[in-house]
Amino acid sequence: MKDNERFNIEKEYLLKVQKRIEEEKVYQNKEFEEIPNKYKGRYAEVKWGDEDLVKHLQDMIIKRLSKLKNLELNPYFGRIDFQRDGSKNNNKIYIGKTTITDENNNILTTDWRTPVCTLYYDQSIGNVQYQAPEGIITGKLNLKSQIFIKDGKLVSVRDTDLVTDDELLVPFLTTNADARLKNIVASIQAEQNAIIRRPLNDNIIVQGVAGSGKTTVALHRAAYLIYNEDKYTAENFIIIGPNKYFLNYISALLPDLDTENISQFTFDDFSTYFFDDKISIINSKKINNQNEIKVLKAKTSIDYKNAIDTYISTYVNNSLSSGIEIDGMEIISEDSIKSYFRDINGFSVTATNIQRILIQKIKEDNERLYELVRSKYKDELSTLPNGSEEKRNIMNKLDEIKKELKTGCSKTIKNYFKPLKITTLNLYKKFVSNVSCIENLSHDEIELLKKQTLNSIKSKKFYFEDLPSLMYIDILNNGNQQEVFKKYAHVIVDEAQDLGMFHYYILKMIFSDATFSIFGDLAQSIYPSRGVDSWEDVQAQIFNSNCEILQLSKSYRTTMEITRSANQILRYLNMSEANPVIRTGTEVEYMKEETQDINTRISELLYQYSDKDYKSVGIICRNVEDCAKTKLYLDNENFNTTLITSDDSEYNGGICILTSELSKGLEFDGVIITNASEQFYSSDNQNDMKLLYVAMTRSLHSLDVLYTEPLTKPLSTGMIKNADKSIIKK
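Taking full-length UniProt numbering, the leading residue of the sequence shown gets 1, the next gets one more, and so forth.
Have a look at this one:
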């Protein structure tokens, strides 16, 4: 078949699908108009009124119409022709974001999440097989085509056995950042597809280089699991991200994947569900003292958790070191009480429950217990004359004991368990005050830990690194009572390298029945006071090896030129380098400037980016102070810019000014690094090098690196080695 003949056939099919979508839009609009009359007074038993019900139903239709409008512009992106073994039919399957059927319920497009569609992502022409609910299906893949539709018009049809995977990716990777985020489903690669389609029961850790699609793979994995797991909906999934700005950034993709009802939390938000005391979280990122950093890092370790276990176990045992007595006579033994505390988890709640049980037991047994106490005085009373003061005192005493026994000795028992009725902060204070040994900390460093933490407890201002300890002590004290978290079947952690081992222990403890998908990049571990050192540690210590570590080694975000430049940092750190997609662009430009000329150069570059029609630009500074200065200058030059801070939760594209730290996980059409000198990114500081790597890997198309001399060592060395490729301007 000739190319133009094939193109016309596909064009006719597109019109057929769009006609069906238009029919559905007409139907939905008609339903919208008829709802007020159709449902008025019909559901009187429903607690909400007619107006609320009508609004709810109409809102659902509005959402449906919005999706239909988007579908009309791009209803599908691929086609496969599959002939199942034993069948004569060569099934034409058009693959899109959702399934569309005609009026007779014949399938026009198939949802990408269905089992058969995996053939489009990871199989070549010829004999193939795929896993379906009914078992393994075998057959022959006769055709595999990429269909590129833009704004409702057919642009191209390419059979994938005739071109390379990288060539097929180019139309998607050369678009701007906003379009890429929404079109990712059309460009999923085989290595990404394999991760997305892992079963729900699998715990996975994905180590992915910058630009490998970790976040979008994570979200598509959620969408895939929700679609294929009948037991669960989006409400049973939770995403834990690094900050609110990042969560807002990815939220644009959620409705497109039918996953808008997935819960989204930062770890900070998550922690507020624990301990009653109101606390605030202070920024540990500004701490430069190496001893303080070491102390904070220790707080995120399993060793710190073990020290808490040892102290609290001793504390509970010491609080139960005797039986309960009345008038010197033991009425409940120590062993009997301790038998209730087989597990220290929730010991305060246990104490409250046991208190009630023991009081009730004593009430029920008060007469027998009274006779036991009275028998102690039997001989003495028989020898004392009636009316004597001594005898009267004993009788009064016995009357008081009798009354107390009738109340179940409630006062005595409450006093006995009082040490176990303690707030989380007071218990943390006791632990810290008594801690004497933490692995890898010297005596002086432990004293620093005590001083630092006791000050935090007093002010109720804690570092992020304190949160696992507070949450853990609260669970040991009050039990894991957060019912709100028990509904979750799957937990997705993004930018996962920024959490410590103790953070993961807490997450696994709270979501004990859930499985995990963890996505991160150790090369982007930019916080020296926290973060994991190896995924193998998480695999072994948190999941008892019931977890698989997977790799995403190919960078799809940046051009070959940008990836090559960023790899200079990884090479310097002796870390694995990223493999770029074969997409060429302009060379990275290194521009030497005087300090006072940097902002002028930035404004010149912004005009160039505007000419290239870039929708999003990241101006990445080393610190908050430089961000503020850059914004002030650009505002005076009448540029419309947004200064991104750690408190921001809104992402609206455009020109964003932000620190290298906050740029992590984001992407822009063009990026300007404001000063990559040794002063700002010291080659002697591993954290600085990782921050620079993060900044350099945010761009899709253009990267401009400004610097005052000297340029940081890895980049200057790389420029000398690649003098023919790097563009150096003075």
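Ideal placement from N, C-alpha and C gives every residue a C-beta, glycine not left out.
- Message: At the level of alpha carbons, what is the spacing between L546 and I205?
- Response: As a first step, residue 546 must be located in the sequence shown, where it is residue number 546. As a first step, residue 205 must be located in the sequence shown, where it is residue number 205. This sequence places Asn at residue 546; Leu is not what is there. Rounded to whole angstroms, the separation of the alpha carbons of I205 and N546 is 11 Å.
- Go ahead and pull the three-state DSSP assignment for E608. By 1-based counting over the sequence shown, the position of residue 608 is 608. Just to set this straight, residue 608 is Gln in the shown sequence, not Glu. Three-state DSSP puts Q608 in a helix.
- Message: Please report the distance separating the alpha-carbon of K69 from that of Q18.
- Response: One-based indexing of the sequence shown puts residue 69 at position 69. One-based indexing of the sequence shown puts residue 18 at position 18. When rounded, the distance between both Cα atoms is 10 Å.
- Query: Roughly how many angstroms lie between the CA atoms of E260 and E235, to the nearest whole one?
  - Reply: The sequence position of residue 260 within the sequence shown is 260, counting from 1. The sequence position of residue 235 within the sequence shown is 235, counting from 1. Linking E260 to E235 through their CA atoms gives a straight-line distance of about 9 Å.
- Query: Just the Cα atoms here: how many angstroms apart are I279 and K487?
  - Reply: Position 279 of the sequence shown holds residue 279. Position 487 of the sequence shown holds residue 487. Our two residues, I279 and K487, have alpha carbons roughly 26 Å apart in a direct line.
- Sort out for me which residues DSSP pairs I655 with in a bridge. By 1-based counting over the sequence shown, the position of residue 655 is 655. Note: I655 is bridge-paired with V617 and T641 in the DSSP secondary-structure output.
- At least three beta-carbon pairs within less than 8 Å, the region 577-597 to the region 608-616: Contact fails: fewer than three Cβ-Cβ distances are below 8 Å.
- Item | Reduced DSSP secondary structure (H/G/I, E/B, other) of R180 | As a working note, residue 180 is residue 180 in the sequence shown. Low confidence applies here, because R180 scores a pLDDT of 44, under 50, leaving its location unreliable and the question unanswered by this model.
- Item | Nearest candidate by alpha-carbon position, reference E536, set P528, L522 and S529 | Indexing the sequence shown from 1 puts residue 536 at position 536. Comparing alpha carbon positions, the residue from P528, L522 and S529 closest to E536 is L522.
- Report buried or exposed for S284, applying the criterion of at least 16 other Cβ atoms within 10 angstroms of its Cβ. Position 284 of the sequence shown holds residue 284. With 16 or more Cβ atoms within 10 Å of its Cβ, S284 is classed as buried.
- With respect to the alpha helix (DSSP H) encompassing residue 731, which residues constitute its N-terminal and C-terminal limits? Any question about residue 731 goes unanswered here, given that the chain covers just 1 to 730.
- Message: In whole angstroms, give me the CA-to-CA distance for E22 and L14.
- Response: By 1-based counting over the sequence shown, the position of residue 22 is 22. By 1-based counting over the sequence shown, the position of residue 14 is 14. Taking the Cα positions, E22 is about 12 Å away from L14.
- Item | Span of the alpha helix (DSSP H), counted from its first residue to its last, around I337 | In the sequence shown, residue 337 corresponds to position 337, counting from 1. Unbroken alpha helix (DSSP H) run through I337: E334 to K338.
- Taking V209 as the reference, give the member of L552, S339, I80 and Y273 with the closest Cα. Here residue 209 refers to the residue found at position 209 when the sequence shown is read from its first residue. Cα-wise, what sits closest to V209 is L552.
- Message: Please identify the residue among L711, T383 and T352 whose C-alpha is closest to the C-alpha of S682.
- Response: As a working note, residue 682 is residue 682 in the sequence shown. Comparing Cα-Cα distances from S682 to each of L711, T383 and T352, the minimum goes to L711.
- Query: With a CB to CB cut of under 8 Å and the five nearest residues on each side skipped, what residues in its chain are close to L441?
  - Reply: Taking the sequence shown and counting its residues from 1, the one referred to as residue 441 is at position 441. Taken in chain order, the residues that qualify are K294, V295, A298 and L449.
- Query: Looking at T272 and the ligand HEM, is the gap between the Cβ and the nearest heavy atom below 7 Å?
  - Reply: Of ligands this structure carries none, so the ligand HEM is not represented either.
- Message: According to DSSP, is N283 part of a helix, a strand, or is it coil?
- Response: As a working mapping, residue 283 is identified with position 283 in the sequence shown. Residue state, collapsed to three classes: coil.
- Query: Does the Cβ of I620 have 16 or more other Cβ atoms within 10 Å, making it buried, or fewer, making it exposed?
  - Reply: Locating residue 620 in the sequence shown gives position 620, counting from the first residue. Per the 10 Å Cβ criterion, buried.
- Cβ shell of T99 (< 7 Å), same chain only, five flanking positions each side left out: Along the sequence shown, one-based indexing puts residue 99 at 99. Sequence-distant partners of T99 (beyond 5 residues in either direction) whose C-beta falls short of 7 Å from its own C-beta, in its chain, are I107, T109, T110 and D111.
- Message: Looking at V484: is its Cβ nearer than 8 Å to the Cβ of I240?
- Response: Counted from its first residue, the sequence shown places residue 484 at position 484. Counted from its first residue, the sequence shown places residue 240 at position 240. No, these two residues do not count as a Cβ contact at 8 Å.
- Apart from the five residues on each side of it in sequence, which residues of its chain come closer than 8 Å, Cβ to Cβ, to C437? In the sequence shown, residue 437 corresponds to position 437, counting from 1. If the five residues before and after C437 are omitted, its C-beta is found closer than 8 Å to the C-beta atoms of A307 and I446, all from its own chain and listed in chain order.
- Message: I need the DSSP call for A351, collapsed to helix, strand or coil.
- Response: On the sequence shown, position 351 is the one that residue 351 refers to. Reduced to three states, the DSSP call for A351 is helix.
- Check whether the Cβ atoms of N193 and D256 sit closer than 8 Å, and answer yes or no. The residue labelled residue 193 in the question sits at position 193 within the sequence shown. The residue labelled residue 256 in the question sits at position 256 within the sequence shown. Not closer than 8 Å, so no.
- Going by C-alpha distance, which of K460, G139 and R113 is nearest Y227? Translated into positions along the sequence shown, residue 227 becomes position 227. Of the listed residues, the one whose Cα sits closest to Y227 is R113.
- Item | Start-to-end residues for the beta strand (DSSP E) that takes in E325 | By one-based count along the sequence shown, residue 325 stands at place 325. Note, E325: beta strand (DSSP E), I324 to I326.
- Message: On the DSSP bridge list, what partners appear for L143?
- Response: Here the question's residue 143 lines up with position 143 in the sequence shown. In DSSP, L143 forms a bridge with D81.
- Sort out for me which residues DSSP pairs F237 with in a bridge. Residue mapping note: residue 237 aligns to position 237 of the sequence shown, counting from 1. H490, per the DSSP bridge assignment.
- Message: Starting from F246, trace the alpha helix (DSSP H) in both directions and tell me its first and last residue.
- Response: Position 246 of the sequence shown holds residue 246. Note, F246: alpha helix (DSSP H), K244 to S251.
- Return the chain-ordered list of same chain residues with a C-beta closer than 7 Å to the C-beta of D151, the five sequence neighbours on each side being excluded. Within the sequence shown, the letter at position 151 stands for residue 151. Answer for D151: L73, listed in chain order.
- Message: Suppose the cutoff is 6 Å on Cβ atoms and the five residues either side in sequence are ignored; what does the same chain contact list for Q482 look like?
- Response: What you label residue 482 is simply residue 482 of the sequence shown in a count that begins at 1. Y273.
- Item | Exposure label - N640; buried when at least 16 CB within 10 Å | For this step, residue 640 is matched to residue 640 along the sequence shown. Burial call: exposed.
- Residues near Y120 by beta carbon distance below 7 Å, same chain, minus five either side: Looking up residue 120 in the sequence shown gives position 120. So the qualifying residues of the chain are G78, I80, I95 and K144.
- Task: Kindly indicate which residue of A540, D626, K414 and V617 has the alpha-carbon position closest to the one of Q596.
- Result: Here residue 596 refers to the residue found at position 596 of the sequence shown. Of the candidates A540, D626, K414 and V617, the one whose C-alpha sits nearest the C-alpha of Q596 is D626.
- Item | Nearest candidate by alpha-carbon position, reference G654, set M689, L662 and K615 | For the purposes of this step, residue 654 is identified with residue 654 of the sequence shown, where counting begins at 1. If we check each option's Cα against that of G654, K615 comes out closest.
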